[in-house]
Every structure is written in C-alpha cells, then in structure tokens.
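See structure below.
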Amino acid sequence: MRWTFLIARLGTVVLMTGLALGTVLLIPSAMRGSITQSFYYLPPEKYEFLHDVSTLAPQLTPQTGLLISVESNSSFQIYLLRIFQGQFENWTTSWVRERFPYLNDYEVRAASFNITVLNAFLENHMDTVLWKSDLSSRVSKEFFPATVGNVTAILVNPSLSWVLCEWEIKEITTLAPRERVLLLTEILVPIGFVLAIPWLFFTKIRKTTMQ
Amino acid sequence: MGKGRPFLEVFASALRENYRFPILEIFAFLYAFATFVFAGAQTSVARTSEIFAHNMVNSLTGAPLFVLVVLILVNIAYGLGGDLERGVVQTLLSYPLKRRHILAAKLLSALGVTLLLFLGMQMFALSVLEPDTVLSHFNAILLSYLADLGPVVLTAGIVLLLALFLRRGGLALVVGIVTYFTLGIIAQTVIVLGWSGSDLPLKAYGVFAPNMVLDRYYAALASPSNYSGIWVPSFSEVLFYVGAAYVLVGLVFLVGFIYFDRRLGI
C-alpha cells in the first residue's frame, strides 16, 4: 500500500507537470517587433527569398519564432532553411558560376534563382531543411526552431505558370516551444493518470468499506 | 520484515504530513509553470557560451528558490520540530529502525523530495526550452545549481539543529528565516566591500555562499574590464568554494544526526 501511495503521488506530480505544460500552451504567442508584408509575382520554376529574415529576427530561438502567412492564386511551396541568407546566396551563385562560367554577374544572379539551383542546394544540404510546406495556395505557419540559429525563408513556384503571392511575416514570441510542449503534455498527462489510478481505486474501496 | 519496509512507512508518513494532497502537486504545477515564465523573460540574452547557461539558471532561481527555502524550512521546522514538540517522535521511535534512519526518512521527505521537485522541474523545463544549452553546458548548469543551493541547504541544516536543540517548530522556523535573511544581507555587504578593494570578506564568506564566488567568476568572464584590479576567482577556486560549502553542510547535518542518534533525551 505504501508503494501504491508513493507511486500515485509520483503520478499526480507527473500529471500536474503535464497540466502546467498544457497551461503554458494556452498562453498565445505574442507579436514582437515589426510586421513585414509584400507580394511577389513569381516566374515559373523560380524561387524567391520570402524576406531577409535576418533583418527581422537575427537569430530565431525555441521561444522566438516567425508567423508566416502566404496566399496565392496557385500552388507554391515554402522552405525554412537553417542557414544565414548570405551563405545560401554565396553557395548558389558559386554553383552557377562553376557550371556556367561564361555568364556575367547579372546573369549568374538571375540564374541562381532557378529551382534547379535550389534543388541542388537541398540535395547537398538536406540537414538545413527545418520545415517544408506542402504544395498549397494558402499557408499560415507558426514556426519555432528547435535550436538557436539563423533562418532563411524561401518561396518556391514549382509550376510552369506565373504565380502571384501575397505574404506577411511577423516575429513572434512564446513562453515555450509549442510543438515540443504539446508532445510532452500528451505523454505526461496519461502517464500521470495511469500511475495515480491504483491509489485512487484503493482509496475509493477503503471509503466504501468504511461506510 | 526488512529495514526497507519500516523506513518506507516512516518516509510515506512524513511525506503525507509534509505534503498533504494536493500540496505537492500544486507546487509541482507552480514550479513547472514558473520555470517557463521566468526563462521566457530573458530570451534576448546571447546564447553562445556557458555564461548564458549560468545566467539562465540564475534567472530561474529567483522567486522559485525563495519558495523552495520557505518550503524546506517549514517542512523541517514543523515536520521534525513539531513532532518533537508534540511527542510524535516517540511513536516513530517504536518502529524497528535505528534513530538515524528515522531522521533520514524524515529529511528525505522534508528536504530530499523538495529539492528533487525543484531541481527536477527546473532541469526538465530547461531541457524543453534550451536542449542544446543543457547538453553542451550541463556541467556549468549543474555547478550553478550546486552553488545556488549551497546556502539553502546550509540554512536547512541550521534549522535542523535548532529544531533538535529547541524542540520547538515555530521558533526554529523563525530563526531559520532570520538566518537566511541575514545570510542574504551579509552577501550584499560583502559584495559591496569587494568592489571597494577589500576581497578578504568575500573570500571568507564564499564558503557559506559559493554562488557569490561563481557569479563573480562568470561576471568577470563576460566583461573582464569591469573586474580589473579586484579579486576574480579561478575555476579551480570556484570548485574549492563549492566543495568547501558542501563539506560545511555535511558537517552540520552530521552533527544533527549524531545529536538525534545519541544525545536526544527521548
């Protein structure tokens, strides 16, 4: 009975920890800093930087993230990459220069926005992909990285037609990284219940017997 | 019947007395929630080094640490002092357990569970918030907690002695709070003296409050120019102070155990 009691108290503590995390989840993320919004008319099979995120939020953290909202007249994709935008641009322009040495600087810059260059980068740097949206004409995503770092946001038009995209990015802050906290809440609450049930059961039986 | 069962019996009874349902659960909730709130308030600090890890621990051990102190002192003063005052200890002494094991069970509930709850919740929340920092600077975090908890455990040891000597829970609690408050005042005075060039009080008091020494070590690491010309401990000195503080704590508890085992006239 003592073990049941001790395990049950451990269970109720675990349960309350889960509920505390659940409460943290209830507190909505707040906007911090400025909103950046604009629109792009994206050519076929091209990509564009959604925004120089580094100017908005130099470093994203598990508690400082982005709210990205994009609407378009056709399907598009968004990539969030763990890399400084300047580094990404250096890589893509070097890649184009190596393969097309006869292009001038302007042409290299223009060619580096081809979707093939992006795909080449992704093949070589799969580990930099933090999040990738499905093909859609409307995306709204709250993103908090698991670790601290620079983030580059890219809007991709994989189709063969022009796409008009209206986008908005806000820097947001939260008490805790939501996805991680949600997962832990979902794990802790049932474990807490399971550990506490035998004690509650015995207590109920004892009360019934005493009556 | 082995020794484990009576020990468990005394421990469970002490736990029930110290944390009537749902007090432990409420504190678990508050500690977990508070850690996220206090940690979230300082997201803009640079996160590159162990200085950040130390600052993070410092920011988390403000109000929650004060609550921890109150909880420990109340548990020891009223849990043990109250038992001595009311004569409940005589019932506990009828268990087939050595006296020191009875005291150990009572302290495990009053001090151990409270510390475990505090540290467990803080480390858990830190791991959720800053997994990279926790992984890469685990030693710095552990050292910061050890240093911060030094004065707390020392005060707990003093209250234990007072509760045993005075056999009055309320009086032991009051003296304990006064002691902790006084330790805080002395710490600030010593820091001020340290800035004026007199580092001997700081060095001497560091044994009682190693967190002061650790704070100075990291503060000097963050901005060396501010600390030129005054005493800055090396890392090995910090370890010495933390170790010395816990040796002192160990001695205080040892005196408590010996007194309870041999001298307590019950």
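Chains as they are written, first to last, in my numbering: chain U, 1 to 211; chain D, 1001 to 1266.
Note that beta-carbon positions come from the ideal geometry of N, C-alpha and C, so glycine has one too.
Report the rounded CA-to-CA distance for Val1045 (chain D) versus Ile27 (chain U), giving the unit in angstroms. In this prediction, Val1045 (chain D) scores a pLDDT of 47, lower than 50, which makes its location untrustworthy; no coordinate-derived value is stated.
So what does DSSP say about Trp162 (chain U), is it helix, strand or coil? coil
Just the Cα atoms here: how many angstroms apart are Ala20 (chain U) and Ile115 (chain U)? 45 Å
Give a yes or no on whether 8 Å exceeds the smallest Cβ distance from Arg82 (chain U) to chain D. no
I want to verify the contact list: residues of chain U whose CB lies under 9 Å from the CB of Leu1173 (chain D), in sequence order. By Cβ distance, chain U contributes nothing, its closest Cβ being about 24 Å from Leu1173 (chain D), past 9 Å.
Note down the Cα distance separating Val213 (chain U) from Val1067 (chain D), rounded to an integer number of angstroms. There is no way to answer for residue 213 (chain U), as the model of chain U reaches only from 1 to 211.
Just to confirm, are Arg2 (chain U) and Leu1008 (chain D) a CB contact at a threshold of 8 Å? Contact flag set, yes.
Can you give the beta carbon distance from Glu45 (chain U) to Leu155 (chain U), rounded, assuming they're within the 8 Å contact cut? Contact doesn't hold; Cβ gap of about 13 Å is too wide.
Cβ contact (3+ pairs, closer than 8 Å) linking the stretch 69 to 86 of chain U and the stretch 97 to 109 of chain U: no
Within 8 Å, do at least three Cβ pairs link the stretch 1188 to 1195 of chain D to the stretch 1104 to 1121 of chain D? no
In this structure, how does DSSP classify Tyr1095 (chain D) when only helix, strand and coil are distinguished? coil
Please compile the residues from chain D whose C-beta is within a distance smaller than 7 Å of the C-beta of Leu6 (chain U). Simply Ala1012.
Take Leu184 (chain U) and list the residues in its own chain whose beta-carbon comes closer than 8 Å to its own, dropping the five residues that flank it on each side. Gly18, Leu21
Nearest by alpha-carbon distance to Arg109 (chain U): which of U:Asn124, U:Thr128, U:Phe88 is it? U:Phe88
Label Lys241 (chain U) either buried or exposed according to how many other C-beta atoms from any shown protein chain fall within 10 Å of its C-beta, with 16 as the threshold for buried. Coverage of chain U is limited to positions 1 through 211, which leaves residue 241 (chain U) absent and any answer about it impossible.
Hey, out of D:Ser1013, D:Asp1215, D:Ala1156, whose CA is closest to Leu1071 (chain D)'s CA? D:Ala1156
At least three beta-carbon pairs within less than 8 Å, the stretch 1237 to 1250 of chain D to the stretch 1136 to 1152 of chain D: yes
Residue from U:Ser112, U:Asn150, U:Ser137, U:Phe113 with nearest C-alpha to Leu130 (chain U): U:Asn150
Using only alpha-carbon positions, find the residue among D:Ala1039, D:Arg1099, D:Leu1092 that is nearest to Gly1256 (chain D). D:Arg1099
In or out: Arg1263 (chain D) buried (at least 16 other Cβ within 10 Å) or exposed? exposed
Specify the secondary structure class of Glu48 (chain U) as computed by DSSP and reduced to three states. strand
Secondary structure of Phe1027 (chain D), DSSP reduced to three states: Note: Phe1027 (chain D) maps to helix in three-state DSSP.
Give the list of continuous alpha helix (DSSP H) stretches no shorter than 4 residues that lie fully inside the stretch 56 to 95 of chain U. Along the stretch 56 to 95 of chain U, the alpha helix (DSSP H) does not occur as any fully enclosed run of 4 or more residues.
According to DSSP, is Phe143 (chain U) helix, strand or coil? Strand at Phe143 (chain U).
Under 8 Å between beta-carbons, which chain U residues line up against Met1121 (chain D)? List them in chain order, please. One finds Thr17 in chain U with Cβ atoms closer than 8 Å to the Cβ of Met1121 (chain D), taken in chain order.
Please list, in chain order, all residues of the same chain as Phe5 (chain U) whose beta carbon is under 7 Å from its beta carbon, the five residues on each side excluded. The residues are Trp199.
Could you name the residues of chain D that Thr185 (chain U) contacts, counting a contact when the two beta carbons are closer than 7 Å? Chain-order list of chain D residues neighbouring Thr185 (chain U): empty, with the shortest C-beta distance near 11 Å, by a criterion of under 7 Å.
Quick one, which residues of the stretch 58 to 69 of chain U are near chain D if we go by CB-CB under 9 Å, in chain order? Taking 9 Å as the Cβ-Cβ cut-off against chain D, the residues of the stretch 58 to 69 of chain U that qualify are Gln59, Thr61, Pro62, Gln63, Thr64.
Using a Cβ-Cβ distance under 8 Å, would Phe1036 (chain D) count as near chain U? yes
Classify Ala1204 (chain D) as buried or exposed, calling it buried when 16 or more other Cβ atoms lie within 10 Å of its own Cβ. exposed
Please go through the stretch 1075 to 1126 of chain D and give each complete alpha helix (DSSP H) segment of 4 or more residues, from N-terminal end onward. 1082 to 1086, 1088 to 1093, 1099 to 1107
Hey, does Arg9 (chain U) have any beta-carbon neighbour from chain D nearer than 8 Å? yes
Taking Thr147 (chain U) as the reference, give the member of U:Thr64, U:Pro101, U:Arg138, U:Val14 with the closest Cα. Comparing Cα positions, the closest option is U:Thr64.
Does the contact criterion of 3 or more C-beta pairs under 8 Å hold for the stretch 1009 to 1029 of chain D versus the stretch 1113 to 1124 of chain D? yes
Quick one: is Leu153 (chain U) near chain D, going by C-beta distance under 8 Å? Strictly speaking, residue 153 (chain U) in this sequence is Ala, with Leu absent from that position. Proximity of Ala153 (chain U) to chain D, defined by a Cβ-Cβ separation below 8 Å, is not satisfied.
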